[in-house]
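Asks:
Numbering (the working numbering), first residue to last: 104 to 446.
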């Protein structure tokens with residue numbers, strides 16, 4: 104029969120043996136529910152987010168693990184930010200162009216006249232730089248923490264047009280029906296006479312095939328991922344807008360994590376910062392897609408310096424609208440840093 108005395112004696116013995124070297128039960132790892140709307144078939148854009156998750160989950164006896172739901176299987180792209188804020192999910196990977204209306208500071212990454220220089224100088228968006236610090240400080244005001252913006256923006260969104268309605272200059276935009284998604288891109292091309300048509304990427308191939316639109320402003324990943332290169336003849340590489348892929352948590356959830364869990368996520372974020380945008384831009388886009396498109400007969404036209412200057416000048420009002428949204432002082436600091444100037 105177990106008495107109080109024998110129970111306490113046994114408990115003391117177990118305690119002593121534990122101190123002496125018996126194995127202890129390991130502390131359960133923190134489990135984060137994470138989401139992305141990108142499917143694995145977008146290997147270029149999904150490379151960074153999947154790599155981040157793998158680095159966290161493959162750490163043996165790691166202090167944190169990620170229950171990852173890609174392809175909008177848990178929440179849609181538009182639902183991700185509300186789900187993060189409500190605590191339905193703990194972590195999200197998101198393209199910044201989707202959430203600039205809710206998080207205006209991220210709009211600097213898509214401003215006409217800014218995306219070209221920012222793309223050409225990815226170090227300006229690294230997580231240890233002043234531009235990232237400024238963006239992080241503005242997000243903190245909304246209770247959000249960004250672990251990384253992928254170390255740079257993806258290659259800008261260019262103008263892709265069909266053979267019967269070529270766009271190879273700014274003048275050619277006049278009167279064309281152009282698939283546009285973001286506010287920044289729509290406002291930019293409306294200045295040159297475009298008729299914006301909102302078409303989701305899943306319907307873009309058919310829209311071009313049927314003549315619903317004459318052209319599309321899109322990242323090369325969308326063109327390749329949706330086989331749109333089969334419908335377009337011209338690629339006018341005007342840097343209309345752009346985006347980064349970021350890793351986000353609420354500040355409250357981030358700060359609730361044990362120190363070792365935050366350290367593990369920070370280590371994965373540093374890898375994400377070094378490799379996400381770089382691998383997509385260099386290995387996939389420049390290394391694979393552009394050579395294949397050239398071989399397929401797509402005519403690639405780069406804007407002249409005069410056209411770039413005209414595009415930048417005419418779209419000054421787009422930047423002014425954005426400056427009013429975020430505040431003139433903060434906004435101008437962000438633009439200056441993105442352009443490599445002293446803030």
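Backbone N, C-alpha and C fix where the C-beta goes; we use that ideal spot for every residue, glycine too. Source: prediction; values computed, not measured.
Output the distance between the C-alpha atoms of residue 198 and residue 350, rounded to the nearest integer angstrom.
Replies: For the purposes of this step, residue 198 is taken as residue 95 along the chain shown, with counting starting at 1. For the purposes of this step, residue 350 is taken as residue 247 along the chain shown, with counting starting at 1. Each residue's Cα considered, the two are about 9 Å apart.
Asks: Straight-line CA distance for residue 395 to residue 406?
Replies: Position 292 of the chain shown, counting from 1, holds the residue named residue 395. Position 303 of the chain shown, counting from 1, holds the residue named residue 406. In a straight line, the C-alpha of residue 395 is about 21 Å away from that of residue 406.
Asks: Determine the extent of the beta strand (DSSP E) in which residue 385 is found, giving its start and end residues.
Replies: In the chain shown, the residue the question calls residue 385 occupies position 282. That residue, residue 385, is in no beta strand (DSSP E); it is neither H nor E in DSSP.
Asks: Whose CA, out of 259, 261, 230, lies closest to the CA of residue 250?
Replies: Counted from its first residue, the chain shown places residue 250 at position 147. Residue 250 has its Cα closest to that of 230, out of 259, 261, 230.
Asks: Identify, in the order they occur along the chain, each residue of the same chain with its Cβ nearer than 7 Å to the Cβ of residue 234, setting aside the five sequence neighbours on each side.
Replies: As a first step, residue 234 is located in the chain shown; it is residue number 131 there, counting from the start. The residues are 227, 228, 437, 440, 441.
Asks: Is residue 340 helix, strand or coil when you go by DSSP?
Replies: Along the chain shown, one-based indexing puts residue 340 at 237. Note: residue 340 maps to strand in three-state DSSP.
Asks: List in chain order: all unbroken beta strand (DSSP E) runs of 3+ residues lying wholly within the stretch 264-321.
Replies: Qualifying beta strand (DSSP E) stretches, in chain order: 280-282, 298-300, 318-321.
Asks: Could you check what DSSP says for residue 120 in three-state terms: helix, strand or coil?
Replies: Numbered from its first residue, the chain shown carries residue 120 at position 17. Reliability of the predicted coordinates at residue 120 is poor, the pLDDT of 38 falling under 50, and the value obtained from them is presented with this limitation in mind. Note: residue 120 maps to helix in three-state DSSP.
Asks: How many angstroms separate the CA atom of residue 323 from the CA atom of residue 374?
Replies: Taking the first residue of the chain shown as position 1, residue 323 is located at position 220. Taking the first residue of the chain shown as position 1, residue 374 is located at position 271. Their Cα atoms are separated by approximately 24 Å.
Asks: Relative to the C-alpha of residue 385, which residue among 283, 307, 258 is closest?
Replies: Walking along the chain shown from the start, residue 385 turns up at place 282. Residue 258 is the option with its Cα nearest to residue 385.
Asks: Locate the alpha helix (DSSP H) running through residue 421, then write down its first and last residues.
Replies: What you label residue 421 is simply residue 318 of the chain shown in a count that begins at 1. First-last of the alpha helix (DSSP H) with residue 421: 419-429.
Asks: For residue 215 and residue 274, what's the separation of their Cα atoms in angstroms?
Replies: Residue numbering aside, residue 215 sits at position 112 when the chain shown is read from its first letter. Residue numbering aside, residue 274 sits at position 171 when the chain shown is read from its first letter. Going from the Cα of residue 215 to the Cα of residue 274 covers about 17 Å.
Asks: In chain order, what are the residue ranges of uninterrupted alpha helix (DSSP H) at least 4 long that sit wholly in the stretch 349-397?
Replies: Runs of the alpha helix (DSSP H) inside the stretch 349-397: 354-359, 362-381.
Asks: Quick check: the Cα distance between residue 427 and residue 243, rounded to an integer number of angstroms?
Replies: Translated into positions along the chain shown, residue 427 becomes position 324. Translated into positions along the chain shown, residue 243 becomes position 140. In a straight line, the C-alpha of residue 427 is about 19 Å away from that of residue 243.
Asks: Can you tell me whether residue 365 is buried or exposed, with buried defined as 16 or more other CB within 10 angstroms of its CB?
Replies: Indexing the chain shown from 1 puts residue 365 at position 262. When all chains shown are included, residue 365 counts as buried.
Asks: Please confirm whether residue 316 and residue 356 have their CB atoms less than 8 Å apart.
Replies: The residue given as residue 316 occupies position 213 in the chain shown. The residue given as residue 356 occupies position 253 in the chain shown. No, the Cβ-Cβ distance between residue 316 and residue 356 is not below 8 Å.
Asks: What do you reckon, are the CB atoms on residue 276 and residue 335 nearer than 8 Å?
Replies: The count along the chain shown starts at 1 and reaches residue 276 at position 173. The count along the chain shown starts at 1 and reaches residue 335 at position 232. The answer is no: Cβ separation not under 8 Å.
Asks: Among 219, 247, 218, 253, which one has its Cα closest to the Cα of residue 232?
Replies: Position 129 of the chain shown holds residue 232. Among 219, 247, 218, 253, the Cα nearest to that of residue 232 belongs to 253.
Asks: What are the start and end residues of the alpha helix (DSSP H) that includes residue 235?
Replies: Start at 1 with the first residue of the chain shown, and residue 235 comes out as number 132. 233-243 is the extent of the alpha helix (DSSP H) around residue 235.
Asks: Shorter than 8 Å from the beta carbon of residue 399 to some beta carbon of chain D?
Replies: Absence of chain D from the displayed structure is noted, only one protein chain being present.
Asks: Whole angstroms are fine: how far does the CA of residue 272 sit from the CA of residue 408?
Replies: Your numbering for residue 408 matches position 305 in the chain shown. Your numbering for residue 272 matches position 169 in the chain shown. Computed Cα separation, rounded: 12 Å.
Asks: Specify, as a first and last residue, the run of the alpha helix (DSSP H) that residue 155 falls within.
Replies: Counted from its first residue, the chain shown places residue 155 at position 52. That run of the alpha helix (DSSP H) goes 146-160.
Asks: Would residue 388 and residue 157 be called neighbours here (beta carbons separated by less than 8 Å)?
Replies: Residue mapping note: residue 388 aligns to position 285 of the chain shown, counting from 1. Residue mapping note: residue 157 aligns to position 54 of the chain shown, counting from 1. No. Outside cutoff.
Asks: Report yes or no: do the stretch 304-318 and the stretch 165-181 share at least 3 C-beta pairs separated by less than 8 Å?
Replies: Flag = no, the stretch 304-318 and the stretch 165-181 do not touch.
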